[in-house]
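J.: Have a look at the structure that comes next, please.
There are 2 protein chains.
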Amino acid sequence: MKRLGLIFALIATPLWAETPCCATGDLGLVVERASGSLLVIDRSDRAAVGRVEGLGDISHASLTYSPDERYAYVFGRDGGLTKVDMLTRQVVARTVQAGNSIGGAISDDGRLVAVSNYEPGGVKVFDADTLALVADVPATGKTIGLVDVPGRRFAWTVWDTGEVFLGDFSGVEPVIRPLGNAGLNPFDAVLTEDAHTYLIGLFGEKGVTAFDLWDENPKPRKFLQDYGKTADDLPVYKMPHLQGWAFTEGQYVLPAVGAHELLWVDRDSLQETARTPVHGQPVFIIAQPASPFVWVNFAMPLNDVVQVVDSRTHQVVKTLTPGKAVLHMEFAPRGAEVWISSRDDNKLVIYDTRSFAVLGEVAAQSPSGIFFTARAHRTGL
Amino acid sequence: MKRLGLIFALIATPLWAETPCCATGDLGLVVERASGSLLVIDRSDRAAVGRVEGLGDISHASLTYSPDERYAYVFGRDGGLTKVDMLTRQVVARTVQAGNSIGGAISDDGRLVAVSNYEPGGVKVFDADTLALVADVPATGKTIGLVDVPGRRFAWTVWDTGEVFLGDFSGVEPVIRPLGNAGLNPFDAVLTEDAHTYLIGLFGEKGVTAFDLWDENPKPRKFLQDYGKTADDLPVYKMPHLQGWAFTEGQYVLPAVGAHELLWVDRDSLQETARTPVHGQPVFIIAQPASPFVWVNFAMPLNDVVQVVDSRTHQVVKTLTPGKAVLHMEFAPRGAEVWISSRDDNKLVIYDTRSFAVLGEVAAQSPSGIFFTARAHRTGL
Chain A
1 MKRLGLIFAL IATPLWAETP CCATGDLGLV VERASGSLLV IDRSDRAAVG RVEGLGDISH
61 ASLTYSPDER YAYVFGRDGG LTKVDMLTRQ VVARTVQAGN SIGGAISDDG RLVAVSNYEP
121 GGVKVFDADT LALVADVPAT GKTIGLVDVP GRRFAWTVWD TGEVFLGDFS GVEPVIRPLG
181 NAGLNPFDAV LTEDAHTYLI GLFGEKGVTA FDLWDENPKP RKFLQDYGKT ADDLPVYKMP
241 HLQGWAFTEG QYVLPAVGAH ELLWVDRDSL QETARTPVHG QPVFIIAQPA SPFVWVNFAM
301 PLNDVVQVVD SRTHQVVKTL TPGKAVLHME FAPRGAEVWI SSRDDNKLVI YDTRSFAVLG
361 EVAAQSPSGI FFTARAHRTG L
Chain B
382 MKRLGLIFAL IATPLWAETP CCATGDLGLV VERASGSLLV IDRSDRAAVG RVEGLGDISH
442 ASLTYSPDER YAYVFGRDGG LTKVDMLTRQ VVARTVQAGN SIGGAISDDG RLVAVSNYEP
502 GGVKVFDADT LALVADVPAT GKTIGLVDVP GRRFAWTVWD TGEVFLGDFS GVEPVIRPLG
562 NAGLNPFDAV LTEDAHTYLI GLFGEKGVTA FDLWDENPKP RKFLQDYGKT ADDLPVYKMP
622 HLQGWAFTEG QYVLPAVGAH ELLWVDRDSL QETARTPVHG QPVFIIAQPA SPFVWVNFAM
682 PLNDVVQVVD SRTHQVVKTL TPGKAVLHME FAPRGAEVWI SSRDDNKLVI YDTRSFAVLG
742 EVAAQSPSGI FFTARAHRTG L
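These protein sequence lines map, in sequence, to chains A and B.
Heads up: the first sequence at position 50 corresponds to 50 in my numbering, and the numbers run straight through without jumps.
Heads up: the second sequence at position 129 corresponds to 510 in my numbering, and the numbers run straight through without jumps.
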């Protein structure tokens with residue numbers, strides 16, 4: 001009798017035991033780019049707490065979170081869109097929706113996930129619950145710079161033609177509105193966190209194009225008309241990610257192209273106001289929350305260094321050497337610490353942002369991008 | 382045998398059943414001011430999912446969250462500090478730490494909770510885990526305007542004397558630094574989300590005092606020197622909460638005192654630039670995330686109305702009537718919807734922020750403050 005009871009209990013309990021109880025506010029995912037896996041990290045514990053396998057080719061990948069932080073949507077270079085459950089640490093849905101893809105976004109209400117594709121070019125929109133395809137918007141080229149815009153909308157740009165689109169998916173049918181032309185070969189775009197300005201970097205000509213998305217009828221406005229690759233085709237190790245731009249009070253700061261400098265731009269006038277000489281070709285410039293500082297990493301071969309720059313003086317205030325091949329940096333949402341991935345040392349290094357003390361390290365396999373769940377609550381990611 | 386097995390299973394399972402599995406990113410708490418209870422809400426479900434009892438006198442209360450969103454710390458007017466588990470919906474710790482208290486804050490790293498007391502005047506600091514007292518900083522009067530400042534620090538001000546303090550609790554011993562004097566009878570203060578400016582409203586004289594907390598040596602800077610109660614003591618129904626100030630791009634917007642107006646102030650010059658005539662005496666002005674709009678509620682008797690104002694034109698764009706005695710408004714962190722409490726209609730009303738459609742209503746008992754867990758990731762709350 002006892003044994004049957006025990007068996008009964010064992011059968012009955014695993015349902016609960018399989019779904020661990022935990023709060024999700026301090027969790028994160030790290031892309032392990034060589035092994036198609038995601039490391040699950042707990043920021044408060046400063047530790048890895050699990051690993052998710054089966055993500056396909058995530059040698060280049062980004063991800064976004066559902067509003068409740070329960071699910072991550074991973075966008076892989078191979079066109080894979082994978083839904084991951086943060087609590088069970090399992091892949092719960094996956095579709096290979098294109099041949100080659102550059103990234104994605106989730107709508108402000110968490111209902112739709114959009115993916116930006118190179119091959120075939122265009123944007124596909126999926127139900128965030130089921131990953132069922134709800135819209136397929138072909139483009140006459142590779143789509144880049146996909147961002148979510150309030151109101152269940154997305155904006156994107158086309159590399160081949162320079163066209164910019166604002167898609168409204170809040171009604172029964174999608175309404176796709178052309179906003180104008182950004183210029184020659186836009187290579188990336190970013191939306192300010194207040195959803196005010198959609199900024200598009202150009203590769204085929206110099207300059208950056210801005211659209212005011214608070215305007216009922218946004219028009220392209222070109223600025224920084226010296227910005228970009230030079231006429232004599234100096235080698236550019238890495239085109240800067242516009243996600244590499246930082247937005248500090250009253251300023252934009254962006255990587256110079258083919259130069260070891262940060263450019264500072266006044267947000268109102270769109271005029272360049274200063275340059276900061278830095279260690280190498282900047283890749284990501286990320287604003288430290290609740291501070292005047294931005295942190296910068298660099299393209300190879302000078303990519304074992306991170307520098308901290310004061311946005312008020314435009315001076316470097318600190319130079320750190322976290323490890324070999326620093327690919328990404330992610331702050332705790334209130335800024336007390338930063339997690340830095342060192343791909344070739346197979347680790348994450350955690351710094352105190354005020355004292356620069358190393359608070360800890362976490363082993364990871366060829367880590368690249370680090371994404372905390374607090375991103376669920378931010379626009380334009 | 383079967384029955385014993387069933388009994389065994391019933392005994393074995395409740396341990397897991399008691400701790401529900403859920404993600405915490407879309408949860409929230411609503412203060413039920415007449416019943417000492419908190420309603421637990423789920424934003425994605427647009428529903429109440431539980432209630433927490435035993436909070437004492439929370440006729441006036443605020444709360445803050447741990448960085449993982451697991452715990453809420455509730456600061457009650459009666460001096461109660463209560464720690465609530467969002468997953469079990471239980472009170473897990475409680476201390477009545479003063480006779481009369483006005484609010485509190487949690488440090489950026491989530492380690493310390495500070496409470497601002499009237500009686501006796503001063504700030505007490507507690508271990509966020511255990512609620513053990515770690516520091517007791519008496520003041521020569523009532524402390525107001527307590528905010529968290531990056532680096533495990535807190536700032537506060539003293540009503541009776543005008544003194545402003547910055548307390549650093551990151552070392553072995555607290556270091557309390559006087560910053561200067563704000564002016565006569567400061568009644569409330571607020572910190573901008575980038576932790577740049579600590580703004581203090583004065584009651585004993587006209588004006589507002591600002592401290593630049595990015596500065597190594599912050600100095601008081603007085604502005605808006607016409608702002609405040611008038612010489613002829615017009616009745617002021619309710620002193621505006623400085624939490625009622627909103628921070629939009631390049632501007633502060635604050636409630637006029639004793640007038641039915643919003644004041645707009647340029648952040649750089651600290652000069653007033655515009656006024657918006659509104660429905661009543663403004664209480665809370667809250668910026669709609671990812672938009673140019675602010676939403677405003679009003680003091681009694683005109684407190685059944687909410688207005689929406691465009692920060693670019695300074696014009697009212699919408700007037701809504703959610704219900705009787707609108708006490709608070711809280712946005713989904715990315716701005717798609719707003720939840721509004723109607724105390725006297727015993728309900729929360731949920732609006733789509735773009736169409737102004739009512740998306741739902743949730744019954745609540747005399748609701749006042751609404752607090753979503755995404756606040757865990759914001760500075761100065």
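Every residue, glycine too, gets a C-beta built ideally from N, C-alpha and C.
These figures come from a predicted structure and were not determined experimentally.
(1) For the beta strand (DSSP E) containing Arg432/B, name the first residue and the last one.
(2) Could you tell me the alpha carbon to alpha carbon distance between Ile483/B and Leu635/B, rounded to whole angstroms?
(3) Kindly provide the ranges of any beta strand (DSSP E) runs that are 3 or more residues long and lie completely inside the region 692 to 726 of chain B, ordered along the chain.
(4) Under the three-state reduction of DSSP, which class applies to Thr754/B: helix, strand or coil?
(5) Using a Cβ-Cβ distance cut-off of 7 Å, determine whether Arg70/A contacts chain B.
(6) Grab the span of the beta strand (DSSP E) containing Gln251/A for me, first residue to last.
(7) Starting from Gln471/B and walking both ways along the beta strand (DSSP E), at which residues does that stretch end?
(8) Output the distance between the C-alpha atoms of Pro282/A and Glu32/A, rounded to the nearest integer angstrom.
(9) Give a yes or no on whether 7 Å exceeds the smallest Cβ distance from Asp575/B to chain A.
(10) Between Arg458/B and Ala442/B, how many whole angstroms is the CB-CB distance? I'm expecting something under 8 Å.
(11) In whole angstroms, what is the alpha-carbon distance linking Phe628/B and Ala655/B?
(12) Which residues in the same chain as Tyr633/B place their Cβ atom closer than 7 Å to its Cβ, once the five residues preceding and following it in sequence are excluded?
(13) Measuring straight from C-alpha to C-alpha, what distance separates Ser44/A and Pro714/B?
(14) Anything in the region 703 to 715 of chain B with a Cβ closer than 8 Å to a Cβ of chain A? List those residues in chain order, please.
(15) Counting only beta-carbon separations shorter than 7 Å, does Pro301/A have a partner in chain B?
(16) Per DSSP, what are the beta-bridge partners of Leu408/B in this structure?
(17) Which residues, in order along the region 524 to 544 of chain B, keep a beta-carbon less than 7 Å from a beta-carbon of chain A?
(18) Just to confirm my understanding: we take Ile11/A, look at its own chain, exclude 5 residues before and 5 after, and list those with CB closer than 7 Å. What are they?
(19) Output the distance between the C-alpha atoms of Met300/A and Ala325/A, rounded to the nearest integer angstrom.
(20) Please state whether the Cβ-Cβ distance between Arg427/B and Gly750/B is less than 7 Å.
(21) Helix, strand or coil for Ala132/A, going by three-state DSSP, please let me know.
(22) Apply the 10 Å Cβ neighbour rule to Pro599/B and answer buried if 16 or more other Cβ atoms are within range, or exposed otherwise.
(23) Cβ closer than 8 Å: which chain A residues qualify as neighbours of His758/B?
(24) Quick check: what's the CA-CA separation for Ala72/A versus Asn185/A?
(25) Go ahead and pull the three-state DSSP assignment for Gln281/A.
(26) For a contact meaning CB atoms closer than 8 Å, what does Ser291/A contact in chain B?
(27) Here's the rule I'm using: 16 or more other beta-carbon atoms within 10 Å means buried, otherwise exposed. How should His736/B be labelled?
(28) Would you report the Cα separation of Thr695/B and Thr657/B, rounded to the nearest angstrom?
(29) Taking beta-carbon pairs under 8 Å, can you tell me which members of the region 480 to 512 of chain B lie near chain A?
(30) Measuring CB to CB, does Lys587/B end up less than 7 Å from Asp569/B?
(31) Quick check: Gln688/B and Thr734/B, are their CB atoms within less than 7 Å of each other?
(32) Thinking C-beta only, is Gly162/A closer than 7 Å to Ala182/A?
(33) Report the rounded CA-to-CA distance for Glu500/B versus Asn481/B, giving the unit in angstroms.
(34) Using 7 Å as the threshold, is the C-beta distance between Trp339/A and Leu348/A below it?
(35) Exposed or buried, which one is Thr754/B when buried takes at least 16 other CB atoms within 10 Å?
(36) Determine whether the Cβ of Arg735/B lies closer than 7 Å to any Cβ atom of chain A.
T.: Reading from the atomic positions:
(1) Ala428 to Val433
(2) 21 Å
(3) 696 to 701, 707 to 712 and 718 to 723
(4) helix
(5) Under the Cβ distance rule, Arg70/A counts among the residues neighbouring chain B, one pair being separated by less than 7 Å.
(6) From DSSP, the beta strand (DSSP E) with Gln251/A extends over Gln251 to Pro255.
(7) Gln471 to Val477
(8) 22 Å
(9) yes
(10) 7 Å
(11) 15 Å
(12) Excluding residues up to 5 positions away in sequence, Trp626, Val646 and Arg648 lie with their Cβ nearer than 7 Å to the Cβ of Tyr633/B in the same chain.
(13) Straight-line Cα distance between these residues: approximately 22 Å.
(14) Ala713, Pro714 and Arg715
(15) no
(16) Asp423/B
(17) Residues passing the 7 Å Cβ filter: Pro531 and Gly532.
(18) No answer about Ile11/A holds up, because its pLDDT of 47 lies below 50 and its placement is not dependable.
(19) 7 Å
(20) Contact: no.
(21) coil
(22) buried
(23) Gly25, Pro333, Arg334, Ala374 and His377
(24) If I take the Cα positions, the gap works out to 31 Å.
(25) coil
(26) Pro531, Asp575, Ala576 and Trp595
(27) In the sequence under discussion, the amino acid at residue 736/B is Ser, which differs from the His named in the question. Classification for Ser736/B: exposed.
(28) The sequence given here places His at residue 695/B; Thr does not occur at that position. Going from the Cα of His695/B to the Cα of Thr657/B covers about 6 Å.
(29) Asp489, Asp490 and Gly491
(30) no
(31) No; because the gap between Cβ atoms is not below 7 Å, this pair is not in contact.
(32) yes
(33) Near 5 Å, if we compare the C-alpha coordinates of Asn481/B and Glu500/B.
(34) yes
(35) Its Cβ being crowded by 16 or more others within 10 Å, Thr754/B is buried.
(36) yes
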